[in-house]
Structure formats: C-alpha cells, structure tokens
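With the first letter of the sequence shown counted as 1, position 29 gets the number 29 in the UniProt record's numbering; the numbers rise by one all the way through.
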Amino acid sequence: MQLSREEIIEELSEKYYYFLGSLRFNDHPYMKGIGEGKRKFLANLHIYLATRGLSSKNKLYSTDFISLAAYDKLRNKNLKGLQYEHIVPKSNYIHQVCEEKAKDSTITIEFIRDLLNRYLWTATVTEEEHSILEQSTMPRSWDKISIRARYDSVGIKLIKHDKSYLLKSH
1 MQLSREEIIE ELSEKYYYFL GSLRFNDHPY MKGIGEGKRK FLANLHIYLA
51 TRGLSSKNKL YSTDFISLAA YDKLRNKNLK GLQYEHIVPK SNYIHQVCEE
101 KAKDSTITIE FIRDLLNRYL WTATVTEEEH SILEQSTMPR SWDKISIRAR
151 YDSVGIKLIK HDKSYLLKSH
C-alpha cells in the first residue's frame, strides 16, 4: 500500500533526526568519508518510501508534481529523456539548515518535519526543462513559500502527479 505524504514525511523526519544525531561533525576525516552518504541519505530514503506500494519502483513515477511534457512520456512508459528533480534544491534549503542545527544540538524532529513539509517536494520533468532550471538556488525574488518559483521563472508548468495508475492491486 502506498504511504501518504504525511506518513512519508513523518518517517523521514524521524530517520533523518536519528541519522544527523549519529554524525561526528567535529571529526573531519569521518565527515569526509561519510560525505556522499550524508548527501544522499534523505533522498534515497525518500525515494524508497515514495515508491513503496507503486507497481514501478522507478523514482520518476514517485514524484509529487510533473510537467505536462513529462506526463505524456511517462504515461506512455517512455522514460528516456526524463529527469527527477527536487523542486526546492535540498542542499541549500534542507541539508545545510538541518546540519547547522544538528551541529549545535538544537535540531528536533518537529523542526525537520516542518522543513520537509515546506520544501521536500519532487517533480518529473524532461531533460530539456531540467537544462533551463537554476540547479542549486531559488530565484532571488523567492518569497520562501512558493515552491514552484524556479519553474515559474522559466515558464515550466507543473501539475500534481496523480499516481493512481501505478497503485498495486491487492
């Protein structure tokens, strides 16, 4: 059975909190060694939870939103030329914020949950659309609320990704 967004965010918040609490931020060689794992932990767990209950485990099918051009390709099972995107770049707006709070021991599960609820949204877009997006930052005029600002600024329309066609029947 597919998890709801609330269930996914709840589990992600708890696991990410425990993960951050296990890191030895003051041990430079340790942090260098775990760097890639640290960057990928949240995304990998998110994909795992979001694809649970879907007939396809491909992350392109698990996204919250999708562009119209990508929707046509995906519905026809043509995955070539499609890209998985974090709508709000997670490095600057989730990872860095949470890691700073974890370093000074002020991080809480509630803080993480709130941040993930606001900024952890994904989209499937075409490679052409991906290529015109600013990759690591939101537009300067971003109000910290409109998660689609990067897409709106370059004219990419995102729609809610209805995944009902992928649900496993029991």
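Each residue gets a CB set at the ideal place from its N, CA and C atoms; glycine is no exception.
The beta carbon of ILE109 sits closer than 8 angstroms to those of SER13, GLU14 and TYR17, all from its chain and outside the five residues before and after it, given in chain order.
Within the region 105–151, the complete beta strand (DSSP E) segments of 3 residues or longer fall at 122–126, listed in chain order. In this structure, ILE94 lies near LEU42, with their beta-carbon atoms less than 9 angstroms apart. A contact between stretches requires three or more CB pairs, one per stretch, nearer than 8 angstroms, and the region 45–61 fails this requirement with the region 96–109.
Scanning ASN58, ARG148 and GLU128 for the CA closest to the CA of THR137 turns up ARG148.
The region 55–72 makes contact with the region 150–165, as at least three CB pairs between them are under 8 angstroms.
Closest in alpha carbon position to SER4, among PRO29, SER56 and SER62, is SER62. DSSP places ILE47 inside the alpha helix (DSSP H), whose first and last residues are 28–51. With a threshold of 16 other beta carbon atoms within 10 Å, VAL154 falls short and is exposed.
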